[in-house]
Amino acid sequence: MYNIRHILRLHTQHQTTSEIVMQTGIPQSVLKKCRKEFNESGLTFEEINELSDIDLAELFTKPEEPPISETMQILLNLFPSIDKELRRRGVTRKLLWEEYRKKYPDGVSRQEFNKQFCKWKRRIVPIMHQEHIEGDKLFIDYAGAKLSIIDKNTKDVNLVEVFVAILGASQLTYVEAVMTQRKEDFIPACESALHYFGGVPAAIVPDNLRSAVTKSDKYEPKINETFADFAEHYNTTILPARAYKPKDKALVEIAVNIIYTRIYAKLRDMKFYSLEELNIAIRIALEEHNNQIITGRNYSRRQKFEELERIALLPLPALRYEFKKQFYATVLRHGHVSLSADKHYYSVPFSFIGKRVKVMYSRFSVEIFYNYERIALHKRRYQSYYKYTTDKEHLPAAHRFLYELTSDRLLMQAEAIHKDVRLYISKIITKKQHHEQAYKICLGVLSFAPQFGNDRLILACQRALDYGIYNYRTIKKILEKGLEKNDDVNENIEMPEHENIRGKDYYK
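Count the sequence shown with numbering that gives the first Met the number 0 and you get residues 0 to 507, in order.
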């Protein structure tokens with residue numbers, strides 16, 4: 000703009016063209032063009048000199064646009080409606096071009112149609128530049144093209160998915176082959192990516208695949224429960240990309256295209272007989288990719304990551320995530336739910352009997368939830384078919400007493416009354432074949448203490464010990480007939496009936 004002002008100043012001073020060229024070094028063709036624009040503007044030099052550089056540039060450097068033909072003007076007018084139609088399911092540019100040519104047989108070719116539409120689209124729909132902060136986001140996706148492994152036994156070729164993850168700031172990339180896109184493979188792949196990077200980003204940006212998002216929504220999508228549990232374990236956030244908006248995760252889309260060249264091409268003639276073999280080859284090619292100098296830069300992805308992004312990542316937790324499966328079940332009448340995978344029963348608090356609960360289980364634990372609150376946690380039991388794992392705190396008071404009943408507890412209770420009572424109780428426990436039978440008899444004997452008093456129970460136990468009879472009915476008969484103080488008790492106590500006891504009449 001300074002040169003234009005200088006030219007016009009010399010021109011108004013009536014200097015010749017050759018003199019102006021000698022002083023400014025500006026070509027004669029440019030000089031003639033400036034003079035022409037100056038004369039056509041109708042302005043004086045003083046008026047032009049007061050213009051800003053922007054206004055002056057608009058006046059003197061205005062491009063000469065070719066006139067738009069009628070055919071092109073019709074097409075440009077159609078583009079807004081064409082853009083709207085493309086948002087409908089199944090509508091393509093090819094279909095719309097065919098409809099356009101039916102209505103306008105002399106219209107533009109399909110190639111020109113696409114070219115002009117893209118040009119119009121770029122002008123009216125600007126793309127926002129995304130500034131990626133170190134440690135902020137990890138973008139994840141699956142490659143469209145699949146790799147393959149060969150079954151050693153059947154020689155069948157099995158296609159496998161390729162998981163891709165890329166950090167926003169450094170663009171350090173992770174690639175892994177997995178069998179499916181199901182959450183059983185998807186979540187471990189995400190975890191492997193975090194351990195490859197050696198840290199956790201503030202957010203993970205997935206596509207709207209079923210393993211990550213249960214229900215897509217523009218403002219608040221519903222995250223898959225298992226994936227949300229994984230994110231909570233690693234102290235990160237899930238930020239799904241908008242459905243049908245690939246620009247939300249443009250980095251990973253670009254990364255997928257790059258690995259087609261950097262990884263797929265290198266593996267194209269190789270055969271793999273297991274997922275492990277394939278992933279070893281992928282890792283070798285991946286390291287070459289991450290260590291390669293980025294085009295137009297003087298550093299690699301790995302260098303930028305080590306210098307800037309590694310320190311911005313959150314630390315990994317001490318333990319890896321336990322992948323959990325879940326199902327819904329109704330609490331049975333005995334206060335347990337069945338885990339059919341193990342054929343085992345796990346207890347819940349008795350107040351939830353009849354309720355429908357959610358059971359989540361991993362390799363090591365079983366968690367039971369009701370209304371989003373965990374009500375039971377158990378260690379998972381393997382190889383205990385049709386057994387019960389019961390937490391005594393889950394039982395009602397009456398059941399808890401029987402559950403906690405042990406020989407030590409009975410002996411302590413008897414010891415509190417007298418050592419002879421304890422001796423009598425110990426004899427019952429020793430003599431009876433089944434512990435449950437012995438415990439019931441002991442409870443019956445001890446129940447006489449509040450009814451007849453400790454002193455009478457002590458004497459009754461002493462009398463029964465002398466006689467060598469250890470059962471509930473003997474103590475009951477002694478106490479009811481007051482025989483605990485009678486020295487002739489041997490003559491008054493009836494022997495218990497038993498097929499192995501002959502009785503006194505046998506010897507007559």
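For each residue, glycine too, the CB sits at the ideal point set by N, CA and C. If you're wondering where the values come from, they're calculated on a predicted model, not measured in any experiment.
>> The beta strand (DSSP E) that contains Met411, what's its start and end?
In response: Walking along the sequence shown from the start, residue 411 turns up at place 412. Unbroken run through Met411 is the alpha helix (DSSP H), 406 to 414; no beta strand (DSSP E).
> Does DSSP put Ala328 in a helix, in a strand, or in coil?
Replying inline: As a first step, residue 328 must be located in the sequence shown, where it is residue number 329. Three-state result, Ala328: strand.
> By a C-beta neighbour count over all protein chains shown, 10 Å radius and 16 as the cutoff for buried, is Pro239 buried or exposed?
Replying inline: As a working note, residue 239 is residue 240 in the sequence shown. By the 10 Å Cβ count, Pro239 comes out buried.
>> I need the straight-line Cα distance from Phe349 to Asp390, nearest angstrom please.
In response: Residue 349 sits at position 350 when you count from the first residue of the sequence shown. Residue 390 sits at position 391 when you count from the first residue of the sequence shown. The alpha-carbon atoms of Phe349 and Asp390 are separated by roughly 11 Å.
> Which residues bound the beta strand (DSSP E) around Glu160?
Replying inline: By one-based count along the sequence shown, residue 160 stands at place 161. Taken as a continuous stretch (DSSP letters only), the beta strand (DSSP E) holding Glu160 covers 156 to 166.
> Per DSSP, what kind of secondary structure is Leu146 in: helix, strand or coil?
Replying inline: By one-based count along the sequence shown, residue 146 stands at place 147. Looking at Leu146 - three-state DSSP - the assignment turns out to be strand.
>> Please report the straight-line C-alpha distance between Tyr345 and Ser210, rounded to a whole angstrom.
In response: What you label residue 345 is simply residue 346 of the sequence shown in a count that begins at 1. What you label residue 210 is simply residue 211 of the sequence shown in a count that begins at 1. Our two residues, Tyr345 and Ser210, have alpha carbons roughly 28 Å apart in a direct line.
>> To the nearest angstrom, how far is the alpha carbon of Tyr195 from that of Arg373?
In response: Locating residue 195 in the sequence shown gives position 196, counting from the first residue. Locating residue 373 in the sequence shown gives position 374, counting from the first residue. Tyr195 and Arg373: Cα-Cα distance of roughly 33 Å.
> From what residue to what residue does the beta strand (DSSP E) around His377 run?
Replying inline: Reading the sequence shown from its first residue, position 378 is the one you call residue 377. His377 -> beta strand (DSSP E) spans 372 to 378.
> Around the Cβ of His333, are there at least 16 other Cβ atoms within 10 angstroms (buried) or fewer (exposed)?
Replying inline: Counting from one through the sequence shown, the residue named residue 333 turns up at place 334. Classification for His333: exposed.
> Distance, Cα to Cα, Phe138 vs Ser169?
Replying inline: Your numbering for residue 138 matches position 139 in the sequence shown. Your numbering for residue 169 matches position 170 in the sequence shown. Computed Cα separation, rounded: 12 Å.
>> Rounded to whole angstroms, what is the Cα-Cα separation between Lys182 and Lys357?
In response: As a first step, residue 182 is located in the sequence shown; it is residue number 183 there, counting from the start. As a first step, residue 357 is located in the sequence shown; it is residue number 358 there, counting from the start. Taking C-alpha positions only, Lys182 is separated from Lys357 by approximately 18 Å.
>> Using only the alpha-carbon positions, how far apart do Glu490 and Leu482 sit?
In response: Counting from one through the sequence shown, the residue named residue 490 turns up at place 491. Counting from one through the sequence shown, the residue named residue 482 turns up at place 483. Reliability of the predicted coordinates at Glu490 is poor, the pLDDT of 47 falling under 50, and no value is obtained from them.
> Shortest alpha-carbon distance to Arg300 belongs to which of Asn470, Trp119, Glu133?
Replying inline: Here the question's residue 300 lines up with position 301 in the sequence shown. For Arg300, the nearest C-alpha among the options comes from Glu133.
> With burial defined as no fewer than 16 other Cβ atoms inside 10 Å of the residue's Cβ, what is the status of Cys117: buried or exposed?
Replying inline: For the purposes of this step, residue 117 is taken as the residue at position 118 of the sequence shown. Per the 10 Å Cβ criterion, exposed.
>> Suppose you measure from the CA of Met127 to the CA of Ile3; what does that come to, to the nearest Å?
In response: For the purposes of this step, residue 127 is identified with residue 128 of the sequence shown, where counting begins at 1. For the purposes of this step, residue 3 is identified with residue 4 of the sequence shown, where counting begins at 1. Note that Met127 has pLDDT 49, beneath the 50 cutoff, so the model's placement of it is unreliable and no number is given.
> Hey, Val163 and Ala254 are a contact pair by Cβ (cut 8 Å); roughly how many whole angstroms apart?
Replying inline: Along the sequence shown, read from residue 1 onward, the residue named residue 163 stands at position 164. Along the sequence shown, read from residue 1 onward, the residue named residue 254 stands at position 255. Val163 to Ala254, Cβ: 6 Å. Contact.
> Measuring CB to CB, does Leu74 end up less than 8 Å from Gly106?
Replying inline: By one-based count along the sequence shown, residue 74 stands at place 75. By one-based count along the sequence shown, residue 106 stands at place 107. Against a cut-off of 8 Å, the Cβ pair of Gly106 and Leu74 comes out as a contact.
>> In this structure, how does DSSP classify Thr388 when only helix, strand and coil are distinguished?
In response: Residue mapping note: residue 388 aligns to position 389 of the sequence shown, counting from 1. Of the three classes helix, strand and coil, the one that applies to Thr388 here is strand, per DSSP.
>> Let me make sure I understand the geometry here. Which of Pro316, Ala317, Ser339, Leu442 has the alpha-carbon closest to that of Phe326?
In response: Along the sequence shown, one-based indexing puts residue 326 at 327. Answer by Cα proximity: Ser339.
> Are the region 287 to 300 and the region 315 to 322 touching by the rule of at least three beta carbon pairs closer than 8 Å?
Replying inline: no
> Going by the beta-carbon positions, is the gap between Lys378 and Phe368 smaller than 8 Å?
Replying inline: In the sequence shown, counting from the first residue as 1, residue 378 sits at position 379. In the sequence shown, counting from the first residue as 1, residue 368 sits at position 369. Going by C-beta atoms, Lys378 is not nearer than 8 Å to Phe368.
> Below 8 Å between beta carbons: does that hold for Leu193 and Leu315?
Replying inline: Indexing the sequence shown from 1 puts residue 193 at position 194. Indexing the sequence shown from 1 puts residue 315 at position 316. Yes, these two residues count as a Cβ contact at 8 Å.
>> If you follow the beta strand (DSSP E) that His335 is in, where does it begin and where does it stop?
In response: Indexing the sequence shown from 1 puts residue 335 at position 336. First-last of the beta strand (DSSP E) with His335: 335 to 338.
>> Spatial neighbours of Asn453 within its chain, please: C-beta separation below 6 Å, excluding the five flanking residues on both sides.
In response: Reading the sequence shown from its first residue, position 454 is the one you call residue 453. Non-local C-beta neighbours of Asn453 in its own chain, meaning closer than 6 Å and more than five positions away in sequence, comprise Ile416, ordered along the chain.
> CA-CA distance, Tyr469 and Glu392?
Replying inline: Working through the sequence shown from its first residue, we reach residue 469 at position 470. Working through the sequence shown from its first residue, we reach residue 392 at position 393. Computed Cα separation, rounded: 34 Å.
> Where does Lys26 land, buried or exposed, given buried means 16+ other C-beta within 10 angstroms?
Replying inline: Position 27 of the sequence shown holds residue 26. Lys is not the amino acid found at residue 26; the sequence shown has Pro there. By the Cβ neighbour-count rule, Pro26 is exposed, with fewer than 16 other Cβ atoms within 10 Å of its own.
> Is Phe363 helix, strand or coil by DSSP?
Replying inline: Looking up residue 363 in the sequence shown gives position 364. Note: Phe363 maps to coil in three-state DSSP.
> Where does Lys221 sit, in a helix, a strand or coil, going by DSSP?
Replying inline: Taking the sequence shown and counting its residues from 1, the one referred to as residue 221 is at position 222. Residue state, collapsed to three classes: strand.
> Ala463 to Met411, Cα distance in whole Å?
Replying inline: The residue labelled residue 463 in the question sits at position 464 within the sequence shown. The residue labelled residue 411 in the question sits at position 412 within the sequence shown. Taking the straight line joining both Cα atoms gives about 20 Å.
> Can you give the Cα-Cα distance for Thr179 and Arg122, rounded to whole angstroms?
Replying inline: Taking the sequence shown and counting its residues from 1, the one referred to as residue 179 is at position 180. Taking the sequence shown and counting its residues from 1, the one referred to as residue 122 is at position 123. Distance between the alpha carbons of Thr179 and Arg122: 40 Å.
> Helix or strand or just coil, what does DSSP make of His232?
Replying inline: Reading the sequence shown from its first residue, position 233 is the one you call residue 232. Three-state result, His232: helix.
> With C-beta atoms as the reference, is Pro47 less than 8 Å away from Leu7?
Replying inline: Start at 1 with the first residue of the sequence shown, and residue 47 comes out as number 48. Start at 1 with the first residue of the sequence shown, and residue 7 comes out as number 8. Note that residue 47 corresponds to Ile in the displayed sequence, not to Pro. In contact: Ile47 and Leu7 (Cβ atoms closer than 8 Å).
>> What ranges does the alpha helix (DSSP H) occupy inside the region 63 to 96, keeping only unbroken runs of at least 4 residues that lie completely in it?
In response: Counting only runs of 4 or more, we get 69 to 84.
> Ordered along the chain, which non-local residues of its own chain (more than five positions away) have a Cβ less than 6 Å from that of Thr11?
Replying inline: In the sequence shown, counting from the first residue as 1, residue 11 sits at position 12. The answer, listed in chain order, is Phe44.
> DSSP on Val347, reduced to helix/strand/coil?
Replying inline: Residue numbering aside, residue 347 sits at position 348 when the sequence shown is read from its first letter. Val347 falls in the coil class under three-state DSSP.
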